[in-house]
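Written below as structure tokens is the structure these notes are about.
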Ligand SMILES: N[C@@H]1[C@@H](O)[C@H](O)[C@@H](COP(=O)(O)O)O[C@@H]1O
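Residue numbers (UniProt numbering): 1 to 322.
Listed below in structure tokens is the structure:
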């Protein structure tokens, strides 16, 4: 079923939807963030929240009921916390949409609707999860409250995958330079703002900590000036993800401070890849995370190569009972 039809089917059953919950773990949680950020920023009446799955399971919000839409997300569809959250949402009477790459996976068992996304084909396919969930959020807003920039958003959806592929085709040399420069650093701080905030978080916790065993800290660059900037000094390693959109001013303020003290700073800037020239200014904010994540994937791959540490290498995850 198309995203639009999924939401209109829910509306037929329940015209009075009051809340939307996004639920997942790790990268799959972070990839729900642009949709949550969009919906929270534009909905007048809907309540919107984002949970790591076991928080949803152990401290279930009392408002999860037949007036809720719960969107659970898991790449492999087997993460136990997310499978349990899907079952719990269903049991409470919510309208449950599972988003996964794996047909027939456990995540789909208790879902009313299933959205499949790509992964292997190319970098754009890896961004389908995040993009389709944003598409669901746009449909929810448009169908329940109305959204004046719906057509501009659809135009963005029609362009973002090509933009990602175009960006990654040129990023090799800068990604390699980043990898060479940061390969021996003991910690890398990552920050961003706006819809890209949790791209910084997932690069930090998944790509650096999980897949490269590199210490990392991550924070919103608005928060940078309320604590973290005290560690800034010459050659302290930072990665700053700059948005093309309303929150760019916060990104620039952080960059100015990093430069002032000669921190070791790498900037991944959506403007360098032409995001704002292709996508309307009213909706461009929400497409930064997909483009920047695609580019960052190449950065991580280069880091893995120069450090001789494959992105697939784990010592605990999926190997131990935990
Ligand atoms: N680093 C991995 C992520 O890549 C993955 O997203 C998450 C949950 O896995 P799944 O998306 O299959 O539920 O586990 C870890 O955090």
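Glycine residues also receive a C-beta, built at the ideal position from the N, C-alpha and C atoms.
- Annotated as proximal: residue 53 and residue 81, with beta-carbon spacing under 7 Å.
- The three-state reading of DSSP puts residue 171 in coil, since its state is none of H, G, I, E or B.
- The segment 145 to 154 makes contact with the segment 275 to 288: 3 or more CB pairs, one atom from each, lie closer than 8 Å.
- Straight-line spacing of the CA atoms in residue 111 and residue 77 works out to 12 Å.
- Taking 6 Å as the cut-off, one finds no heavy atom of ligand 1 near enough to the beta carbon of residue 111.
- Sixteen is the threshold: when 16 or more other Cβ atoms of the shown chains lie within 10 Å of the Cβ of residue 168, as they do, the residue is buried.
- Residue nearest to residue 230 within the set 258, 243, 252 is 258 (criterion: CA-CA distance).
- Relative to ligand 1, residue 210 has its C-beta within less than 6 Å of a heavy atom.
- In this structure, residue 79 has its CB closer than 6 Å to one or more heavy atoms of ligand 1.
- The DSSP-derived three-state label of residue 270 is helix.
- Taking one beta carbon from each stretch, the segment 117 to 135 and the segment 42 to 52 have fewer than 3 pairs nearer than 8 Å; the two do not touch.
- Below 8 Å, enough C-beta pairs join the segment 63 to 76 and the segment 14 to 26 to call them touching: three or more.
- Residue 27 places its beta carbon 7 Å or farther from that of residue 134.
- The Cβ atoms of residue 215 and residue 243 lie no closer than 7 Å to each other.
- Annotation: residue 217 to residue 179 spans about 18 Å, alpha carbon to alpha carbon.
- In this structure, residue 57 sits near residue 85, with a CB-CB distance shorter than 7 Å.
- Looking at 95, 109, 33, 265, the one whose alpha-carbon comes closest to that of residue 202 is 33.
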